[in-house]
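Q: Here's a structure for you.
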Amino acid sequence: MKWVHIGEEIEYDWYELRCQLSQENNLQIFLEALKNQKLKYCIDFGKILFCRSIDEGWDLNLLEEDLLSGPEIPCLSDGILLEMKDTHLKNRVQKFYPAPIYHYQVQGINFGIDVLTEAFPIIKKLD
113 MKWVHIGEEI
123 EYDWYELRCQ
133 LSQENNLQIF
143 LEALKNQKLK
153 YCIDFGKILF
163 CRSIDEGWDL
173 NLLEEDLLSG
183 PEIPCLSDGI
193 LLEMKDTHLK
203 NRVQKFYPAP
213 IYHYQVQGIN
223 FGIDVLTEAF
233 PIIKKLD
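Residues are numbered in the working numbering as their position in the sequence shown, beginning at 1, plus a constant of 112.
Here's what the structure looks like:
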């Protein structure tokens, strides 16, 4: 499995996550910084296919065990929003879903979340 840092717009800090999932499966994840409390972001995934909470830390995402066997293990400072490449979760769903999909992880200080979607997320800085 490969991972790619895609959170260039999100300034480095430790973030607490809050999620809002509508009845239409539109997912927004709100980030609130712990160090610089002025930093607040919203990651809008739009309509998603799937999401699940994962416990804090890469080693607790048991479906992606091979993430730990690579030469470089990503850590929270590598990014808040990551696009996961060639994962077990994405490959399983892609077998039955005809359109291309993306697997993202958002890592917060309180928990992380896996997201499968057809679209790229929109990152908005909040006031």
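Ideal Cβ placement from N, Cα and C applies to all residues, glycine included.
#1: Cα separation between residue 149 and residue 237?
#2: Residue 203 by DSSP, collapsed to three states: which one?
#3: Between 194, 235, 160, which lies nearest to residue 212 when the distance is taken from Cα to Cα?
#4: Can you tell me which of 147, 124, 126, 162 puts its alpha carbon nearest to the alpha carbon of residue 140?
#5: Answer yes if the segment 220-239 comes into contact with the segment 125-134, meaning at least three C-beta pairs across the two stretches below 8 Å, and no otherwise.
#6: Quick one, are the C-beta atoms of residue 227 and residue 216 less than 7 Å apart?
#7: In chain order, what residues of the same chain lie with their CB nearer than 7 Å to the CB of residue 174, ignoring the 5 residues before and after it?
A: The structure says:
#1: Here residue 149 refers to the residue found at position 37 when the sequence shown is read from its first residue. Here residue 237 refers to the residue found at position 125 when the sequence shown is read from its first residue. Note on geometry: alpha-carbon atoms of residue 149 and residue 237 lie some 13 Å from one another.
#2: Numbered from its first residue, the sequence shown carries residue 203 at position 91. Helix at residue 203.
#3: The residue given as residue 212 occupies position 100 in the sequence shown. For residue 212, the nearest C-alpha among the options comes from 160.
#4: Residue numbering aside, residue 140 sits at position 28 when the sequence shown is read from its first letter. Nearest of 147, 124, 126, 162 to residue 140, Cα basis: 162.
#5: As far as the Cβ criterion goes, the segment 125-134 touches the segment 220-239, which means the pair count is three or higher.
#6: As a working mapping, residue 227 is identified with position 115 in the sequence shown. As a working mapping, residue 216 is identified with position 104 in the sequence shown. Remark: C-beta atoms of residue 227 and residue 216 approach each other more closely than 7 Å.
#7: If you number the sequence shown from 1, residue 174 lands on position 62. Low local confidence applies: a pLDDT of 48 at residue 174 is under 50, so the model's placement there is unreliable, with the coordinate-based value given in what follows. Closer than 7 Å at the Cβ level, and outside the excluded window around residue 174, lies no residue.
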